[in-house]
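Here the structure is laid out as structure tokens; the discussion comes afterwards.
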Ligand code: PMP
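In my numbering, the protein residues as written are -13 to 282.
Structure (structure tokens):
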């Protein structure tokens, strides 16, 4: 599903076949979830194959490592070049790129002195499937307390929380979970950020308890360009009742509308929502096409 016998990946300075790659079973990453990663997308644009926000993603990878004390000293430019070479070697254009910084053998709970870099790529459709709106539920799992973990870092172990929330939502018959933070404010989905529309204004949870998404920032920039008012603030789940529409955004998910939360549908049809315009603008931006938008 992710690789074939011909797939090439990057491992510690070399491009090798995925089937020939080996890892050490005594890595702290495997045992304790202590590693950092990124999720990046490349698109076949009007101007050739382009990795969307490549610098931002690799900068965040370095920041994630620095925040938790993983010694990782690749230059951002070098990482971008590796990613482009990887796409070329695998003859991929519309693809997902996954760099993973993982630790050398160390069974102690001390910071590692040596780390490894793996980067791979595969074709991945929109995370939630074809264009449709999601049925979500409020998860019984909260996002972790920022005093326990570095929530602004994309660290492998944090995704235990994401897997628990996603699995619970699916068992309950929903497409996706929406998690609250420790103060019962809306935080984010297991792998995407959240926006809500009310009376012509978009609202998104402020930073602190969430991953500062690169797509979230792109949406904020699109709002500025399109003159859509937007606020970053604490949002209570009770506010969902009077909201007009809502959507998730993330590199893998892109922009995806939400049909209902806890079986309560939003009143505005998705295609009339601000989210639908943002979705179009985002599509154009990743494909490097021009976009025109008129507020009626
Ligand atoms: N929140 C979480 C928990 C995520 O895993 C992701 C995906 N990286 C996002 C938000 C969205 O981030 P981005 O837009 O940078 O992909």
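By construction, the Cβ of each residue, glycine as well, lies at the ideal position given by its N, Cα and C atoms.
Query: Contact the segment 69 to 82 vs the segment 32 to 47: 3+ CB pairs below 8 angstroms; Result: yes
Query: Alpha-carbon to alpha-carbon, residue 27 and residue 73; Result: 11 angstroms
Query: Reference residue 104, options -4, 89, -8 and 191, closest by Cα; Result: -4
Query: Residue 178 Cβ short of 6 angstroms to the ligand PMP heavy atom set; Result: yes
Query: Reduced DSSP secondary structure (H/G/I, E/B, other) of residue 229; Result: coil
Query: Distance, residue 235 Cα to residue 139 Cα; Result: 17 angstroms
Query: Closest Cα partner of residue 165 within the set 156, 233, 151 and 106; Result: 151
Query: N-terminal and C-terminal residue of the beta strand (DSSP E) that residue 39 is part of; Result: Per DSSP, residue 39 belongs to no beta strand (DSSP E) and is neither H nor E.
Query: Buried versus exposed call for residue 2 [16 or more other C-beta atoms within 10 Å across all chains shown]; Result: exposed
Query: Completely contained alpha helix (DSSP H) runs for the segment 136 to 218, where each covers 4 or more residues; Result: 145 to 157 and 200 to 212
Query: Inter-stretch contact (C-beta, 8 angstroms, three-pair minimum) for the segment 10 to 27 and the segment 41 to 59; Result: yes
Query: Cβ neighbours of residue 15 in the same chain (closer than 7 angstroms, five flanking residues each side left out); Result: 21, 88, 89 and 142
Query: Identity of the residues DSSP links to residue 101 by a beta bridge; Result: 89
Query: Between the CA atoms of residue 61 and residue 287 - distance to the nearest angstrom; Result: Beyond the ends of the chain as shown, which are -13 and 282, falls residue 287; an answer cannot be given.
Query: Run of the beta strand (DSSP E) containing residue 28, from where it starts to where it stops; Result: 26 to 31
Query: Cutoff 7 angstroms; reference residue 128; Cβ partners in own chain excluding five residues on either side; Result: 165, 166, 167 and 168
Query: The ligand PMP heavy atom lying under 6 angstroms from the CB of residue 197; Result: yes
Query: When 119, 144 and 64 are compared against residue 134, the one with the closest alpha-carbon; Result: 144
Query: Whole-angstrom C-beta distance between residue 262 and residue 113, which should lie under 8 angstroms; Result: Contact flag wrong, Cβ pair sits at about 18 angstroms.
Query: Supposed contact pair residue 98 and residue 47 - C-beta distance, whole angstroms, cut 8 angstroms; Result: Going by Cβ atoms, the distance from residue 47 to residue 98 rounds to 16 angstroms, so no, they are not a contact pair.
Query: Which of helix, strand or coil DSSP assigns to residue 113; Result: coil
Query: Contacts around residue 160, its chain only, beta-carbon distance under 7 angstroms, and the 5 residues preceding and following it disregarded; Result: 121, 122 and 123
Query: Beta bridge counterpart(s) of residue 21 as assigned by DSSP; Result: Beta-bridge pairing links residue 21 to no other residue.
Query: Simplified DSSP state of residue 46, which is helix, strand or coil; Result: helix
Query: beta-carbon residue 244 near the ligand PMP non-hydrogen atom, thresh 6 angstroms; Result: no
Query: Where the beta strand (DSSP E) containing residue 246 begins and where it ends; Result: 240 to 247
Query: Helix, strand or coil at residue -12 [DSSP, three-state]; Result: coil
Query: Cβ pair residue 5, residue 56 closer than 7 angstroms; Result: no
Query: Where the beta strand (DSSP E) containing residue -5 begins and where it ends; Result: -6 to -3
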